[in-house]
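Have a look at the structure below before the remarks.
Residue numbers (UniProt numbering): 1 to 419.
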């Protein structure tokens, strides 16, 4: 009865250390306890929320108070609540709030007043306390007997208010619970649930987990073998891909070299023919200029003789002028350039058409090969990708066959509860 009364008393103190609006514990940073003139205490955050302009109504008694500049910090701190919280922390079992594992807070920081467990203390997870002085805490139970953390670990103690110091000896097997509970929990909130001892549940689940581990180990061995086969296939594909790319590059270089050589040779022939043709045209140009100069001069003399009145002079020049003019008239100087132009154009077009025919042949061969691959894929030699795909499908079917005859209960890997 004494232990029960002490636990009830501690619970009441714990309620006094909580804000009656948000039910959060008071602290000295954000949720500072502020007492109103009506002697009701609330945290500063809740008071600020209930403050309207420069007035505040007490959430309990509805008394209205005027605030200077609308600041709730004008109300005094409730030091009684703060002292009660320190008293509660002193006589209750403090748990580490840093790692969230419900471990017993065995160390106290003298500088920032923080309590941490032995794991956080050894790993120095609490960064704000680096370099600070710590002291080991000595915790006493309600009967003034020291708590043995070696006999009952901190995470094996029930933390429900009123159940402190009770060892978690039982396990609730209900689907909605599935957790360790103490004796008080069994007769209280888990009264109609199926419960067994923690030791029995531990043995059952340990055996199930060992079986799953053994089965998984066998599966890992098979997966490693399968991974080796995949790695070999990848290596084969990579090697063949390199060979194919090198071969493709080599043939492409040959084709490019052929086209470049053809272009150089064709340009050389074109330049030579063009030079010869240009020289011919220049000669013909000089001939035509000479023809025009002589014929114009002869025509001018003849026209002057025709206009003259001296008949003796006309008769002495007429024969010579007539012979010259007939020679100019019968000349075929304007016909040779057309024949040469058509011949030269034909030779150039012939070489260009030759290159175009060869390129068209290569393109047509590629189109025919592509059509054959679409219409007759089985008659074409197997590519590296087809080899890799065949090996992969074979291995996949083999693995599927093994799993069919030797199924692995994967559903029990994460759900091993027995119903």
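The C-beta atom is built at its ideal place from N, Cα and C for all residues, glycine as well.
6 Å Cβ shell around residue i - same chain, five flanking residues per side excluded
i: residue 394; result: none
i: residue 110; result: 133
i: residue 266; result: 351
Rounded separation between residue i and residue j - CA only
i: residue 44; j: residue 159; result: 28 Å
i: residue 268; j: residue 230; result: 56 Å
i: residue 308; j: residue 301; result: 10 Å
i: residue 200; j: residue 173; result: 12 Å
i: residue 69; j: residue 39; result: 22 Å
i: residue 106; j: residue 51; result: 41 Å
i: residue 439; j: residue 293; result: Residue 439 is absent from the structure shown; the chain starts at 1 and stops at 419.
i: residue 55; j: residue 77; result: 19 Å
i: residue 260; j: residue 287; result: 40 Å
i: residue 220; j: residue 211; result: 14 Å
i: residue 328; j: residue 264; result: 45 Å
i: residue 121; j: residue 112; result: 14 Å
i: residue 118; j: residue 166; result: 21 Å
i: residue 75; j: residue 26; result: 15 Å
i: residue 320; j: residue 335; result: 26 Å
i: residue 186; j: residue 163; result: 11 Å
i: residue 217; j: residue 233; result: 25 Å
i: residue 376; j: residue 215; result: The predicted model places residue 376 with a pLDDT of 49, which falls under 50 and marks its position as unreliable, so this point remains unresolved.
Exposure of residue i, with buried meaning 16 or more beta-carbon neighbours within 10 Å
i: residue 64; result: exposed
i: residue 357; result: exposed
i: residue 250; result: exposed
i: residue 33; result: buried
i: residue 157; result: buried
i: residue 171; result: buried
i: residue 114; result: buried
i: residue 72; result: buried
i: residue 80; result: exposed
i: residue 17; result: buried
i: residue 256; result: exposed
i: residue 129; result: buried
Top-ranked residue by Cα proximity to residue i, from the options
i: residue 41; options: 52, 54, 66, 82; result: 82
i: residue 332; options: 242, 36, 226, 284; result: 284
i: residue 20; options: 58, 37, 53; result: 58
i: residue 37; options: 49, 66, 23; result: 66
i: residue 85; options: 216, 14, 299, 112; result: 14
Beta-carbon proximity list for residue i, same chain, < 8 Å, skipping 5 on both sides
i: residue 177; result: 190, 193
i: residue 168; result: 156, 157, 158, 180, 181, 182, 198
i: residue 87; result: 13
i: residue 53; result: 70
Close Cβ partners of residue i (< 7 Å) along its chain, the five nearest in sequence each way excluded
i: residue 30; result: 45
i: residue 363; result: none
i: residue 355; result: 262
Exercise for the section: Could you tell me which uninterrupted beta strand (DSSP E) segments, each at least 3 residues in length, are contained entirely in the stretch 15-87, listed from first to last along the chain? Expected result: 33-35, 41-43, 55-57, 64-66
Problem - Residue ranges of each beta strand (DSSP E) within the stretch 174-255, 3 or longer - result: 179-181, 195-197
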